[in-house]
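Engineer:
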Amino acid sequence: MTIYRNLLVVLFWGLCLMVKGQELSPQQGQEFLLYDKIDEIIAEEHIHDRGNNLIITKVTNPSLTPFIPSDGNKGRAAVIICPGGGYQTLHIQREGFRVAEAFSRQGIAAFVLKYRLPDEEIVTDKSFVPLKDAQRAIQLVRENAKKWGIAPGKVGIMGFSAGGHLASSAGVHFDSTLVENKRNTNLRPDFMILVYPVISFSDGIGHVGSKDHLLGPHPGKDSVKFFSNELQVNKDTPKTILFHAGDDTVVPVENSLRFYNKLLENSIPAEIHIYSKGQHGFGSNPPFEDWFSQCVRWMKAEQLHSKNR
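The opening position of the sequence shown corresponds to residue 15 in the working numbering, with each subsequent residue numbered one higher.
1. Using three-state DSSP, classify LEU180 as helix, strand or coil.
2. Less than 6 Å between C-beta atoms, sequence neighbours within five positions excluded: which residues of the same chain meet that for TRP305?
3. Answer with buried or exposed for LEU278, where buried requires no fewer than 16 other C-beta atoms within 10 angstroms of its C-beta.
4. Look at GLU244 and PRO283 and say whether their C-beta atoms are less than 8 Å apart.
5. Terminal residues of the continuous alpha helix (DSSP H) containing ASP226?
6. Please confirm if the segment 145-157 is in contact with the segment 72-80, defined as three or more CB-CB distances below 8 Å between the two stretches.
7. For LYS10, which of helix, strand or coil comes out of DSSP?
8. Below 6 Å CB to CB, which residues in the same chain sit around LEU229 once its five sequence neighbours on both sides are set aside?
9. Which one or two residues does DSSP pair with VAL169 in a beta bridge?
10. By the 10 Å Cβ neighbour count, where 16 or more other Cβ atoms means buried, how is GLY89 classified, buried or exposed?
11. May I ask you to verify whether the segment 90-108 touches the segment 161-170, counting CB pairs closer than 8 Å and requiring at least 3?
12. Could you please give the first and the last residue of the uninterrupted beta strand (DSSP E) stretch that includes GLU58?
13. Are the beta-carbon atoms belonging to SER178 and LEU201 less than 8 Å from one another?
14. Can you tell me where the alpha helix (DSSP H) holding GLU115 begins and where it ends?
15. Mind checking whether PHE241 and SER183 have CB atoms under 8 Å apart?
16. My output table needs one value for VAL238: the three-state DSSP class, helix, strand or coil.
17. From what residue to what residue does the alpha helix (DSSP H) around TYR101 run?
18. Between which two residues does the alpha helix (DSSP H) holding ALA151 run?
19. DSSP on LEU256, reduced to helix/strand/coil?
20. Going by DSSP, what residue range makes up the beta strand (DSSP E) through GLU268?
21. Output yes or no for whether 8 Å exceeds the beta carbon distance between HIS227 and THR263.
22. Relative to the C-alpha of ILE70, which residue among LYS128, GLY218, SER281, LYS51 is closest?
23. For ALA176 and GLY98, which I take to be in contact (beta-carbon distance under 8 Å), what is that distance rounded to the nearest angstrom?
24. Among SER290, HIS62, VAL247, whose alpha-carbon lies nearest the alpha-carbon of ALA259?
25. From the DSSP output, read off the bridge partner residues of TYR289.
26. Within a Cβ cutoff of 6 Å, which residues of the same chain sit near PRO266, ignoring the five residues on either side of it in sequence?
27. I believe LYS249 touches PHE205 by the beta-carbon criterion, under 8 Å. Please report the beta-carbon distance rounded to the nearest angstrom.
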């Protein structure tokens with residue numbers, strides 16, 4: 015637990031801040047902010063220590079925390095990780111830092127995204143704020159790829175639960191630019207890793223909590239369709255690997271199945287792993303090492319990661 019508490023000290027007291035022009039030199043595990051200035055801050059961020067997990071609410075300063083291998087590789091892949099939490103909280107330790115460390119040990123750069131939540135106390139136009147932060151994260155990683163030894167064509171996004179909805183939104187709505195983009199940086203992720211993801215807001219399979227927090231209790235049909243990401247897949251959607259448990263009673267496995275089938279219909283390279291047991295969040299079953307090793311294997315097979323690791 016010590017390493018994660020130390021990381022949170024860094025995260026919330028800002029040992030590494032963004033500067034004008036976005037010339038970034040992040041240190042391992044030290045956050046940098048996505049924007050020079052946020053005008054909408056009203057509430058105060060909160061950290062909740064749940065023993066084996068750290069949870070953040072009321073995010074006011076969105077940021078990235080880098081985990082960059084020190085192996086000297088100049089063409090590595092990068093994964094931007096979106097923790098879950100129903101668009102109400104961020105499970106930033108279990109679905110963020112721990113996963114990022116595992117990628118780093120494999121020689122893959124990882125960035126944990128602390129994105130703003132659709133909280134009307136903090137933001138206006140709340141439905142699009144998380145997606146804006148995800149696009150900004152992709153933009154920053156690409157624009158600093160050379161400095162960090164990252165191949166700009168190997169920048170992907172990963173998400174858990176509602177973070178999977180955000181990641182898949184970034185994958186299907188990359189052409190709906192929400193950030194200032196003077197360099198015309200490509201905002202399309204090169205691949206997606208979706209773990210027990212919320213995909214759809216359609217009746218019957220949609221996660222009601224995520225839908226209500228993102229869109230409000232009475233969203234219009236157009237908003238529901240826009241954020242039902244299985245309906246937005248096309249030939250330009252990035253290659254994807256999905257993981258889900260068949261006994262998930264929080265986010266039905268049908269979310270992943272529908273997305274996977276739409277990828278196949280559009281001839282997008284896709285792989286899916288359905289575990290008979292695991293519920294939502296997996297926990298110890300299936301073991302982390304099981305599905306994570308399948309993720310790394312897939313990245314190698316898709317030529318996103320060197321086969322000599």
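Backbone N, C-alpha and C fix where the C-beta goes; we use that ideal spot for every residue, glycine too.
Structural biologist: According to the data block:
1. helix
2. Closer than 6 Å at the Cβ level, and outside the excluded window around TRP305, lie PHE257.
3. exposed
4. no
5. 222-229
6. Counting Cβ pairs under 8 Å, three or more are found: they touch.
7. An answer regarding residue 10 cannot be provided, because it is not within the stretch 15 to 323 covered by the chain.
8. SER141, SER237
9. ALA92
10. Taking every protein chain shown into account, the CB of GLY89 has fewer than 16 other CB atoms within 10 angstroms, so this residue is exposed.
11. yes
12. No beta strand (DSSP E) holds GLU58; DSSP gives it neither H nor E.
13. It should be pointed out that residue 178 corresponds to Gly in this sequence rather than to Ser. Contact: no.
14. 112-119
15. yes
16. The answer is helix: DSSP assigns VAL238 an H, G or I state.
17. Careful: TYR101 lies outside any alpha helix (DSSP H) and carries neither H nor E.
18. Counting along the chain, the alpha helix (DSSP H) containing ALA151 begins and ends at 143-157.
19. In the three-state scheme derived from DSSP, where H, G and I count as helix and E and B as strand, LEU256 is classed as strand.
20. Looking at the DSSP string, GLU268 is not in any beta strand (DSSP E); the run it does join, the alpha helix (DSSP H), is 268-279.
21. Taking 8 Å as the cut-off, the Cβ atoms of HIS227 and THR263 do not count as close.
22. LYS128
23. 5 Å
24. Nearest in C-alpha terms to ALA259, of all of SER290, HIS62, VAL247, is SER290.
25. ALA259
26. ILE219
27. Wrong, their Cβ atoms sit about 16 Å apart, outside the cutoff.
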